[in-house]
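The numbers in the working numbering rise by one with no breaks, and the one at position 133 of the sequence shown is 133. Report on one structure; see the data block that follows.
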Amino acid sequence: MALPHALGSLTPCEAVADALYRALSGMDHNDAAMFESAFAGQDATMELRDGSGAPPFEGFSAIKANVFAFVSRLDTTHLMSNVRVHFRDEDNASLTAVAMAQHAPSGRGKEPAGPKYLAGAEYKAELVRARADGVWKMKTWAVEVTWAQGDASVMALPTC
1 MALPHALGSL
11 TPCEAVADAL
21 YRALSGMDHN
31 DAAMFESAFA
41 GQDATMELRD
51 GSGAPPFEGF
61 SAIKANVFAF
71 VSRLDTTHLM
81 SNVRVHFRDE
91 DNASLTAVAM
101 AQHAPSGRGK
111 EPAGPKYLAG
121 AEYKAELVRA
131 RADGVWKMKT
141 WAVEVTWAQG
151 DASVMALPTC
């Protein structure tokens, strides 16, 4: 059973954290609408600090094309914990969290000895409450990879 993008029974802190949960769930379930519901549209930016030197992704279109399109094709599980929320005012908040993400090639996630790539990261996000529906959305999201193990080829971009 799929849950709606906006959940009505959340506390204020849970509502802020839900933006990040929606992004992660969208990637894990290849749900583009859920993923998009987590971002403040073309005002959003995302930084992946994994040592690759990749520039920030500016605007939701770039985030979707460079992050969602790649990660959502994998078998993934993203787990988030140690969530801390700071309200700057009634419509702006900051969030930090730690995460572990397991990645496997599409269709191979259930293979016990199959290729896997596990990464630990710290997430930092700035969020805004959307005026139209009151749902919190990420304006900035920085992913600071702190460690990784496993088969790094799982995360390699496809070659032509």
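Heads up, the beta-carbon is just placed ideally off N, CA and C, and yes, glycines get one too. A quick note: this is a predicted structure, and the numbers were derived from the prediction, not measured.
Cut-off 8 Å between Cβ atoms - residues of its own chain near residue i, not counting five sequence neighbours on either side
i	result
Gly114	Ala104, Pro105, Arg108
Local Cβ density within 10 Å of residue i, reported as buried at 16 or more and exposed below that
i	result
Trp147	exposed
Phe39	buried
His86	exposed
Residue of the options minimising C-alpha distance to residue i
i	options	result
Lys124	Gln102, Gly41, Asp133, Val83	Val83
Ser72	Ala33, Ser94, Val145, Ala152	Ala33
Leu3	Tyr21, Val16, Cys13	Tyr21
Met27	Glu122, Asn92, Lys64	Lys64
Lys139	Leu127, Arg131, Ala93, Asp133	Leu127
Three-state class that DSSP yields for residue i in the structure shown
i	result
Ser81	strand
Arg73	coil
Arg131	coil
Glu111	coil
Glu126	strand
7 Å CB neighbourhood of residue i in its chain, flanking five on each side removed
i	result
Pro56	Thr45, Met46, Glu47
Ala152	Tyr117
Asp18	Leu7, Leu10, Trp136
For residue j and residue i, the rounded distance between their alpha carbons
i	j	result
Arg49	Val135	27 Å
Ala54	Ala62	12 Å
Thr75	Ala15	Correcting the residue identity first, residue 75 is Asp in this sequence and not Thr. Their Cα atoms are separated by approximately 27 Å.
Gln149	Gln102	10 Å
Arg129	Leu95	13 Å
Leu157	Val67	11 Å
Ser37	Cys13	17 Å
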